[in-house]
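Our numbering runs 150 ahead of the 1-based position in the sequence shown.
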Amino acid sequence: MSDEMRTFGYLCPACKQTVMGTRSVFALEASNAEVECACGKSALRADFDGERYRLAVPCGLCGETHEAVCQPDQVLHGATALACPKTRQFCCFIGPEGTVEKHLRELAILAEKEQQQAEQEGEEAFLDNVIMYEVLSELKEIAARPGGVTCACGSSRYGVEIRRSSVDLICRDCGAKLRIPAATDSDLDDLCCHWKLVIPGKRA
Ligand SMILES: [Zn+2]
Ligand SMILES: [Zn+2]
Ligand SMILES: [Zn+2]
C-alpha cells in the first residue's frame with residue numbers, strides 16, 4: 151500500500167489556474183511536499199513533523215495563504231477538503247486524482263463567478279457612474295493621440311488603475327503616478343482642457 155498516490159489540488163491566487171500535484175504516500179510520510187503552480191507565483195506546502203501535517207494553502211478565493219493542521223489520516227487516506235475561513239468555501243482538496251480534479255473544476259467555476267460579481271459591484275462603486283464613464287472615454291481619446299500620455303521620465307508605457315472617484319495613470323518604468331479626479335463635472339471639464347497628459351516622473 152505504500153505506493154498509493156495522493157493528489158493535492160488548489161486554485162492559484164496569482165494566475166487563477168487550477169494546480170494539481172501527486173505524491174506517493176511513501177514520499178509524504180518521509181518528507182515535506184511542495185506543489186507549485188506552473189506560473190511560479192504560488193505553492194502549496196505540506197510539512198510532516200512525524201505526527202501531523204502542517205499545510206500552507208494558497209487560496210484562489212480570497213488571495214491569502216491559509217494554514218491548516220491535518221491528521222495523517224486526512225492526508226493519506228480518503229478525500230479531504232479544506233475550507234477558506236474568509237469565504238467558507240473549499241479551496242484545497244486532497245485525495246484520489248479523479249476526485250480532486252472534479253472538485254477543482256467546480257472551484258474554478260465558482261471563483262470565476264465571484265470574480266464577475268466583484269467586477270459588477272466594482273462598477274456600481276463609482277461615486278458618479280456618468281462622470282467616470284465620460285472621464286474614461288476622454289482618457290481613451292487623449293491616449294489615442296500620438297504621445298498623448300507620457301511620463302516626464304521619458305517613458306510612454308503606463309498602466310491604468312480605476313478607483314472609486316479617480317483614475318490613476320502609472321508609469322511602468324519609474325512608477326510615478328498621475329491621479330485624474332473623476333467625481334464631478336468640473337473634473338471632466340479640467341480633463342477635457344488637456345490635449346496631452348504628462349505623468350510627473352523624474353526627468354531623464
Ligand atoms: Zn499560478
Ligand atoms: Zn481564502
Ligand atoms: Zn516614468
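No residue lacks a Cβ here, since even glycine has one placed at the ideal position from N, Cα and C.
None of the values given here were measured: they were computed from a predicted structure.
Residue closest to residue i, alpha-carbon to alpha-carbon, out of the options
i: ASP278; options: ARG314, VAL169, ALA206 and THR172; result: ARG314
i: CYS301; options: GLY159, CYS187, LEU319 and ASP223; result: LEU319
i: LYS346; options: GLU217, GLY304, SER336 and LEU289; result: LEU289
i: GLU193; options: PHE176, VAL175 and VAL169; result: One point to set straight first is that residue 193 is Ala, not Glu, in the sequence displayed. If we check each option's Cα against that of ALA193, VAL169 comes out closest.
i: GLY190; options: ALA261, CYS162 and ALA180; result: CYS162
i: ASP197; options: LEU178, GLY213 and VAL348; result: LEU178
i: ALA275; options: GLY248, ARG202 and ILE312; result: ILE312
i: THR237; options: ALA261, GLU291, LEU205 and ARG204; result: ALA261
i: GLY248; options: ARG156, ILE259, CYS343 and LEU341; result: ARG156
i: ARG202; options: ALA293, VAL219 and LEU232; result: VAL219
Residue i: CB within 6 Å of a non-hydrogen atom of ligand 3
i: GLY351; result: yes
i: ASP199; result: no
i: ALA332; result: no
i: ALA326; result: yes
i: CYS303; result: yes
i: ASP323; result: yes
Proximity below 7 Å, CB of residue i to CB of residue j
i: GLY171; j: PHE243; result: no
i: ASP323; j: CYS303; result: yes
i: GLN224; j: THR215; result: no
i: CYS165; j: LEU211; result: no
i: ALA326; j: PRO350; result: yes
i: ILE281; j: LEU328; result: no
i: ARG173; j: ALA180; result: no
i: ILE330; j: VAL310; result: no
i: ARG195; j: ALA206; result: yes
Who sits around ligand 2, taking every residue whose Cβ is closer than 5 Å to one of its heavy atoms?
CYS209, LEU211, CYS212, CYS234 and LYS236
How would the residue list near ligand 1 read, in chain order, if you kept each one whose beta-carbon is closer than 6 Å to any heavy atom?
CYS162, ALA164, CYS165, GLN167, CYS187, CYS189, LYS191 and SER192
Curious, which full-length beta strand (DSSP E) runs of at least 3 residues does the stretch 292–339 contain?
Complete beta strand (DSSP E) runs here, min 3: 299–301, 308–312, 316–321 and 327–331.
Which full runs of the alpha helix (DSSP H) of 4+ residues lie inside the stretch 182–259, going along the chain?
222–226
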